[in-house]
Each structure stands twice: as structure tokens, then as C-alpha cells.
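Heads up: the structure comes next, in C-alpha cells.
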Amino acid sequence: GENVEQHPSTLSVQEGDSAVIKCTYSDSASNYFPWYKQELGKRPQLIIDIRSNVGEKKDQRIAVTLNKTAKHFSLHITETQPEDSAVYFCGRRWGNMLTFGGGTRLMVKP
Amino acid sequence: DTGVSQDPRHKITKRGQNVTFRCDPISEHNRLYWYRQTLGQGPEFLTYFQNEAQLEKSRLLSDRFSAERPKGSFSTLEIQRTEQGDSAMYLCASSTQVDTIYFGEGSWLTVV
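Have a look at this one:
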């Protein structure tokens, strides 16, 4: 029950298009799901998170949706910009641990 | 800067040597985490402290790894008899009672 699967591993979009990254998990106890953005050589930084009592959360161009029944959650970035290019990690809390997916390298082409 | 700080930022060591990394969390944060990240992978959980108590330790963590947080403030991660497979970035993170964790810049380890 510790792992979280993340897809796709790489994603290339044209500037202005939308990007969607999906993560799935296996246990029902998870109740917190963050998304982090990591630029090359820098620390992962939290961009948005969602708790299990909420189905969707939005912050400007970024949104996260959670389907507890299907045990998956997704990151949606609209109107992508070149500065959105980075690696994105989904996470979920399992007991005291926050575990992460394998990451998605997003490339936004100008 | 009142964020999580880690030292050293980079370390090159010969195989078989011991290395130690230090993490200073955000001052009011009582929870502290260590993760390992290799190129192209997500952060992999290593261990977790609440105050000075080490409450979780990954079963993937070999006996060569040990972490301490003696006074519930800074923490150290020691790797004994380093191997080339230990080459990675070691990330420290901290949090309060709520869920959001804040990462440090990481300590890059290269074992030659």
C-alpha cells in the first residue's frame, strides 16, 4: 500500500495547451495528496494539495481532482507557459509517511 | 532565509568512507523527514522524526544508514562504508502537525 503510480513519465505540450498528469494509489487510508514541482537542481516545491474530503481544488491555472472511489487524483495545468517546464511529483500521505510517484517531466514548447 | 537548510550541498567521497549530512528544519517544525532522490526518480522515503523520536524507518534503509535528531531540532544522516549505489541527492524536509512538508535544497552525494 505504500506506492503511488504516476503517468505519464514525460509530457510535451505546446505553449497555451493544457497538461494533465495522473496518479493512482492502492490503499483507502490515504487522506492527503500534494503535488510538487521541481526545477532542475532545485528543491521540490509544493504547488497545490487536496484532502480526501474534497473532490476538486483550483488555484489560478492549476487544479487537482480526486476520485476516492477509483483511488486516483490528477493535476491539471491550463494555458501552459514555458516556465511550467519542470518535473512534477504527486504524493500521498500513508500513516506518518509522505510517499511520491516517479515524476513527470513536463516540457512546454514555445 | 528561514527555510530548511542542508549541509554540505555537495560531497564527493571514496567508496568505503563514511559521510554525514546535516539538516536544520524550519524552526517551529517538530516533524523531520529524510528522503533520497536519484536522477529521474521521485523522492524515496528514508526516515521520519517527530521531535527527537525516530518513528518511521523505511525497510529499504540498510544498516549502513543511521539518522539522529538528538534535541528535536537539527538532524544528521550518516552513511557508513559508502557504496557507489549510495550516490544520490539526500533531501531533508520538515513540517508542523499539518500535512504540508517543506524540502531543503538537498545534499548531493557522489561516491567514486
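Read top to bottom, the protein sequences are chains A and B.
Just so it is clear: in the first sequence, position 31 is 120 by this note's numbering, and no numbers are missing.
Just so it is clear: in the second sequence, position 45 is 54 by this note's numbering, and no numbers are missing.
Ideal placement from N, C-alpha and C gives every residue a C-beta, glycine not left out.
Close to chain B, meaning a Cβ-Cβ distance shorter than 8 Å, are the following residues of the region 130-142 of chain A: Lys131, Arg132, Pro133, Gln134, Leu135, Asp138, Arg140. Residue state for glutamine 127 of chain A is assigned as strand, using DSSP reduced to three classes. Here glutamine 59 of chain B is near arginine 40 of chain B, since their CB atoms are less than 7 Å apart. At a beta-carbon threshold of 8 Å, none of the residues of chain B lie near tyrosine 114 of chain A; the nearest stands roughly 13 Å away. Just so you know, the alpha carbons of leucine 187 of chain A and threonine 85 of chain B end up roughly 20 Å apart. If the five residues before and after tyrosine 114 of chain A are omitted, its C-beta is found closer than 7 Å to the C-beta atoms of Val93, Lys160, Arg181, all from its own chain and listed in chain order. Cβ proximity to chain A below 9 Å picks out Arg40, Tyr42, Tyr44, Gln46, Gly49, Gln50, Gly51, Pro52 from the region 33-52 of chain B. For aspartate 138 of chain A, the enclosing beta strand (DSSP E) starts and ends at 134-140. Cα atoms of isoleucine 139 of chain A and lysine 23 of chain B: separation of roughly 43 Å, rounded to the nearest angstrom.
Interface residue (Cβ-Cβ distance to chain B less than 7 Å): threonine 99 of chain A is not classified as such. Secondary structure at glycine 180 of chain A: strand, using DSSP grouped into helix, strand and coil. Under the Cβ distance rule, tyrosine 99 of chain B does not count among the residues neighbouring chain A, no pair being separated by less than 7 Å. Using a Cβ-Cβ distance cut-off of 8 Å, the region 168-181 of chain A and the region 111-127 of chain A are in contact, since at least three pairs of beta carbons, one from each stretch, lie closer than that value. Contacts with chain B at 7 Å (Cβ-Cβ) do not include arginine 181 of chain A. Shown here, glutamate 172 of chain A sits in a helix according to DSSP, grouped into three states. If only complete runs of 3 or more residues are kept, the region 27-88 of chain B shows the beta strand (DSSP E) at 28-33, 40-46, 53-59, 62-66, 74-77, 84-88, in order along the chain. The alpha-carbon separation between glutamate 92 of chain B and lysine 20 of chain B amounts to approximately 14 Å. Taking 9 Å as the Cβ-Cβ cut-off, the region 50-72 of chain B approaches chain A at Gln50, Gly51, Pro52, Glu53, Phe54, Tyr57, Gln59, Leu64, Glu65, Ser67, given in chain order. Chain-ordered listing is empty here: chain A has no CB closer than 9 Å to the CB of aspartate 16 of chain B, the nearest sitting near 14 Å. Within chain A, the residues Tyr121, Pro123, Asp138, Arg140, Arg182, Leu187 have their CB atoms less than 8 Å from the CB of aspartate 108 of chain B, given in chain order. Taking the C-beta atoms as reference points, glutamine 89 of chain B is found nearer than 7 Å to arginine 73 of chain B. Apart from the 5 residues on each side of it in sequence, cysteine 112 of chain A sits with its Cβ closer than 6 Å to the Cβ of Val93, Gln95, Phe162, Cys179, Gly190 in its chain, given in chain order.
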